[in-house]
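See below for the structure under consideration.
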Amino acid sequence: MTTVITIASGKGGVGKSSLAINYALRLQAIAGNTLLVDADLLAANVHILLGHKPKKDLISVLDGECRITDAIQDTTGALSVLPGRTGASVKVEKDGDPLRDLIPQLRDTMDGTKFVVVDAPAGSGRSVLNSMANSDHVVIVLLGQATSFVDAYALIKNAYLEYRITQFNVVVNIADSKSQAQLVFDNFARTVANFLPVSLSYSGHVTQRDAIAQSAIRCKPIVQLPGEQRQIADFDTMLKNILASPRNSAKAADTTVNSVS
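Mapped onto my numbering, the consecutive letters of the sequence shown carry residue numbers 737 to 997.
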């Protein structure tokens, strides 16, 4: 059975794609047979962060140029990637949500795949909500900033009101310390609990700003940087917490959206 994890955020610039890449690499190293999907049609950057130049991508699939399996490519660490393409706004605006059936199709076609990690678009648009509704686990990336709080809250609110998603994992990125990350989560969880009947599970945090900066500069994931054993352990702990959390059981109000049973 394939487990799908969607990484989402209420706003861009929170390190969502970097987290998705590192989660996928660790799952590949630990369990094997992992697929990373860049579903951000407006700002796809997984291939850039991996230093990869794909010949086929998700847009090729949407345009009918190839099958999903033809666009999936092996990259660093034997990780399979379905890359996106930056600047596909015309396609998105024309079709609304061309990725509505992506995850169900992946479940049907990727036999033997243990994990699918989806790097969802930022914000709370239809594509990200559909991805969340079709996933087993949803991870919200949070920063210790007021704007991040507001946008992450809006995403969770929309996911609950439109799809009755009640289970969310939260990761605090670019934290100054473990205690600061915990404080950020506690404050956010308290705010959410005052207004929404949902459950937030704290999955962990990422610190060491220097490692994050070096990862971006060198186009190399944090877990593959020299001397980053502590970060590897932190990512493994986050994944353990995510996979141990209750599975999503979305009941979409929109009957055209496939939900996880």
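C-beta: ideal position from N, C-alpha, C; glycine also. All figures in this text were calculated on a predicted structure; none of them were measured in a lab.
Residue i in three-state terms, based on DSSP
i	result
E829	Legend: pLDDT at E829 = 49, less than 50; position of this residue unreliable, value from coordinates given subsequently. Three-state DSSP puts E829 in a helix.
Q967	helix
V959	helix
N984	coil
Q764	helix
V797	helix
D810	strand
V928	helix
P790	coil
P840	helix
D990	Its pLDDT being 44, under 50, D990 is placed unreliably in this model, and the value from its coordinates should be taken loosely. Here D990 sits in coil by DSSP.
R862	helix
I753	As written in the sequence, residue 753 is Ser, which differs from the Ile given in the question. In the structure shown, S753 sits in a helix (DSSP, three-state: H, G or I).
N977	helix
N894	helix
G748	coil
Beta-bridge partners of residue i, as assigned by DSSP
i	result
T770	F851
I743	D855 and V875
H941	V908
L818	V773
S935	Q903
Reference residue i, options the options, closest by Cα
i	options	result
T739	S884, G861, P933 and L842	L842
V773	A744, E801, G749 and I766	A744
S985	L838, Q903 and S796	Q903
G748	L879, D810, I784 and D912	L879
L936	N905, S871 and I958	N905
Y688	A969, L777 and Q918	Here the chain comprises residues numbered 737 to 997, so residue 688 is not present and cannot be evaluated.
G768	T822, H788 and G848	G848
V934	L865, H941 and K893	K893
G787	T883, F851, D810 and A895	D810
A895	Q881, N870 and I910	N870
Y899	Q916, R862 and R926	R862
R983	N930, V875, R926 and T943	V875
Assumed close pair residue i, residue j - CB separation to whole angstroms, cut-off 8 angstroms
i	j	result
V853	T770	7 angstroms
S951	S796	The pair is not a contact, with the Cβ atoms about 28 angstroms apart (cut-off 8 angstroms).
V782	I757	6 angstroms
I958	Q967	5 angstroms
D776	D855	6 angstroms
G751	L891	The Cβ separation is near 16 angstroms, so there is no contact.
Cβ pair residue i, residue j closer than 8 angstroms
i	j	result
I804	T742	no
L897	G813	no
S867	I839	yes
Y759	F921	no
P834	D793	no
L778	P857	yes
Y889	V864	no
V908	H941	yes
F885	F924	yes
T822	A780	yes
L961	L763	no
Any non-hydrogen atom of the ligand GTP within 7 angstroms of residue i CB
i	result
V928	As for the ligand GTP, it is missing from this structure, which has no ligand bound.
Residue-level contact to chain C via CB, residue i, 8 angstroms cutoff
i	result
V875	Although the question refers to chain C, the structure presented lacks it and comprises just one protein chain.
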